[in-house]
Amino acid sequence: MHTTVTLASRESDAIPDAPRGAGLTRRQVFTYHDLLIDVRDFAEAPGPAGTDGRAARFYDWSASTAVPGPLHSTLIVNRMDPVRQTEVAALFAELDATDFPERMGTRHRQLFLVGDVYLHLQHFGQEDGGALIDKAWVDADPRFIRICDALMPIVPPYDPATWTTPADAIATRVHHWEAA
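Using the UniProt record's numbering, you'd call the opening residue of the sequence shown number 1 and step up by one each time.
Have a look at this one:
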């Protein structure tokens, strides 16, 4: 799967039209505060991210064994200084080298950055990824707590004035299309 993420200002709740050809297999649109986030999955890699609002992916991980069935996406939105990309990627690489992500139900994780907007796209085998993230907090696995503690000072909330819990960083999916 090859994913592109485009970030735009959300001036209305209207979903922009998008061509569905050229290998597009799935499209999801999320809203978060003043942002419209367009996530597209392709069968083959599209051209490189440029200055067209597309986010640059700086981390990509997939579960060691393919699990059949649909992917359900959760998108976390925060802020991050671009100079921290290597550090954040290393934190996730360390966590993803363990059995924790698969035990949590994570099948695929990608991290993107456009400007200082950090996007954490996480795919699960079940529909409510937010519930799986909440369960990880309740279970208090030391690996999960360690990465959350490490990320908090370097990946702060998108809007600190409205943030009260990690659930406040999850974007709302407003559109979903998948090829037959």
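Yeah, the Cβ is synthetic: ideal placement off N, Cα and C, and Gly gets one too.
* **Residue of Asn78, Pro153, Arg27 minimising C-alpha distance to residue 251** => In the structure displayed, the chain extends from 1 to 180; residue 251 sits before or after that span and is not available.
* Please determine if the segment 159–175 and the segment 95–103 are in contact, where contact requires at least 3 C-beta pairs separated by less than 8 Å. => Fewer than three beta-carbon pairs drawn from the segment 159–175 and the segment 95–103 are found closer than 8 Å, and the two stretches are therefore not classed as touching.
* Do you know how far the Cα of Ala180 is from the Cα of Gly23? -> One alpha carbon belongs to Gly23, the other to Ala180, and they sit about 12 Å apart.
* Segments of 4+ residues assigned as alpha helix (DSSP H) that fall wholly inside the segment 40–96 -> 85–96
* Comparing alpha-carbon positions, which option in Ala66, Thr86, Ala8, Ala56 lies nearest His123? -> In this structure, Ala66 is the residue among Ala66, Thr86, Ala8, Ala56 with its C-alpha nearest to the C-alpha of His123.
* To do: Could you check the C-alpha separation between His108 and Ser9 for me, to the nearest Å?
  => 27 Å
* From Ile76, Asp81, Leu7, Leu121, pick the residue whose C-alpha is nearest to that of Pro153; which is it? -> Asp81
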